[in-house]
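Letter by letter, the sequence shown follows residues 1075 to 1390 of this note's numbering.
Don't be surprised by glycine CBs; every beta carbon is placed ideally from N, CA and C.
Encoded as structure tokens, the structure appears first; notes follow it.
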Amino acid sequence: MTISTSYAAAHKMRDLIADNSQLIMVMGRFGIPMGFADKTVSEVCAEHGVDEKTFLAVTNFVSQKETHYDAINLSSLIGYLKKAHEYFLTFSLPAIRRKLIEAIDCSGSDSIAMLILRFYDEYVVEVRRHMQYENKVVFAYVENLLKGYWQQGYQIATFEGKHSPIGAKLQELKDVIVRYCPENSSYLLYSVLLDIILCEQDLNSHCSIEDNLFVPAAKELEKSIQKQGKVMSEVLAGASTAATDKIDQLSDREKEIVVCIAKGMSNKEIADALFLSVHTVTTHRKNISAKLQIHSTAGLVIYAIANKLVAISEVQ
């Protein structure tokens, strides 16, 4: 079945899937299970607590149909994007790695096979860093905007300016495999190549949703909150204006620890790097939270960026 117009609330959910099978993944990331029979989009979304307009915006965008970001519920879209991150990091990319190991036989001394696997592992590290930054900093910032507060020293344009597609390196990996793998390639290798191609397309689509739906909607919200003149005070997931004013209250050691936290280091890693005990690091963290009135990692990350203790590129 082909739906020539944009998807609408009155369309049957199964007709959307028949029109574009890629929407199966979209449904999963919205938490919509199968078994919806002949129910409409509106009925299915209502049944599973999914914002109907956001669902339609994403499905229409993915299907290259007319889409309007101004209908989006940002909280719902952030939930969708976080689920996509979880899918890539905990399922899709690990599954490709397992299949790749079997397909190119990394058990021997084949240097090409090992280089291909190393190439892939380095790429996954980049993707993880990219998505963790979005989860800890970008999404936390917008979630605070949704609460009516904005953080001075950070803007969604900062993310927009540095955001780039993360699927391109998979194209390189595919080319390496095609050019250098043995002539007696198995069906498994062809299968993993297809998985890599599909993952690349999925990642590029994900980044495009962020660029064309999430960023414009977040910028509009940001503009609205800034006009209201509400600067962030103590909020669970963010830094505070009061904290920004208290930069000089932190000792040099405490600033070092904040930098380590922003870089994604655990208490044990911080202790090893600064030659401290884990107990001392824990005590410092309690003192930092008390001084700044920031009680979350995301808040300390935003604080570190806003006060130029770390560059955005250093955030893990």
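May I ask which residues mark the beginning and end of the alpha helix (DSSP H) holding residue i?
i, result
"M1099", "1097-1103"
"S1149", "1148-1161"
"H1407", "With the chain covering only 1075 through 1390, there is no way to say anything about residue 1407."
"Y1081", "Neither: Y1081 is in no alpha helix (DSSP H) and is coded neither H nor E."
"S1282", "1261-1283"
"N1381", "Where N1381 is concerned, there is no enclosing alpha helix (DSSP H), given that its DSSP letter is neither H nor E."
"D1125", "No alpha helix (DSSP H) holds D1125; DSSP gives it neither H nor E."
"P1168", "1167-1178"
"V1252", "1242-1254"
"K1342", "1341-1348"
"V1332", "1326-1336"
"T1232", "1230-1236"
"F1213", "1213-1220"
DSSP has residue i in a bridge; who is on the other side?
i, result
"K1086", "T1114"
Looking at C-alpha atoms only, which residue of the options is the closest neighbour of residue i?
i, options, result
"E1401", "A1231, L1295, A1364", "With the chain covering 1075 to 1390 only, the question about residue 1401 has no answer from this structure."
"P1244", "W1224, L1287, A1231, V1266", "According to the sequence shown, residue 1244 is Leu rather than Pro. For L1244, the nearest C-alpha among the options comes from V1266."
"A1231", "V1384, S1351, A1291, T1128", "A1291"
"S1279", "H1085, T1076, V1100, L1090", "V1100"
"Y1207", "K1236, Y1194, D1195", "K1236"
"P1401", "E1330, S1078, E1274, V1132", "Since the first and last residues shown for the chain are 1075 and 1390, residue 1401 lies out of range."
"I1376", "R1088, T1164, F1233", "F1233"
"F1162", "A1345, R1103, S1340", "R1103"
"I1098", "V1136, V1198, E1330, H1085", "V1136"
"V1250", "I1270, L1262, A1158", "I1270"
"E1117", "V1211, A1082, L1263", "A1082"
"I1379", "R1172, A1336, N1209", "A1336"
"K1157", "L1277, E1294, V1389", "L1277"
"T1133", "H1122, K1173, M1087", "M1087"
"A1385", "G1222, A1131, V1332", "V1332"
"L1287", "F1165, R1172, F1129, I1362", "F1129"
"S1260", "A1372, E1176, E1388, D1089", "E1176"
"Q1229", "N1361, A1111, I1299", "I1299"
"H1358", "F1165, S1325, L1383", "S1325"
"E1126", "A1145, D1112, F1110, M1108", "A1145"
"V1124", "Y1154, E1160, G1222, E1343", "Y1154"
"R1171", "E1294, P1107, V1199", "V1199"
"V1252", "E1296, L1268, L1383", "L1268"
"Y1223", "V1201, D1179, E1296", "E1296"
"V1212", "V1355, E1284, S1078, F1110", "E1284"
"K1173", "K1342, V1355, Y1264, Y1143", "Y1264"
"E1330", "Q1302, S1282, K1382, E1294", "K1382"
Determine the DSSP secondary structure at residue i, reduced to helix, strand or coil.
i, result
"K1293", "helix"
"D1093", "helix"
"I1386", "helix"
"A1311", "Note that A1311 scores 39 on pLDDT, short of 50, meaning its location in the model is unreliable; the coordinates nonetheless yield the value given after this. If DSSP states are grouped into helix, strand and coil, A1311 belongs with coil."
"T1318", "With a pLDDT of only 46 at T1318, under 50, the local geometry of the prediction cannot be trusted, and no value is derived from it."
"A1145", "helix"
"M1306", "No answer about M1306 holds up, because its pLDDT of 46 lies below 50 and its placement is not dependable."
"E1200", "helix"
Specify whether the stretch 1365-1373 and the stretch 1341-1356 touch according to this definition: at least 3 beta carbon pairs, one from each stretch, less than 8 Å apart. no
Is the stretch 1077-1096 in contact with the stretch 1132-1149, if contact means three or more CB pairs nearer than 8 Å? yes
Can we say the stretch 1215-1224 touches the stretch 1191-1206, given the rule of at least three CB pairs closer than 8 Å? no
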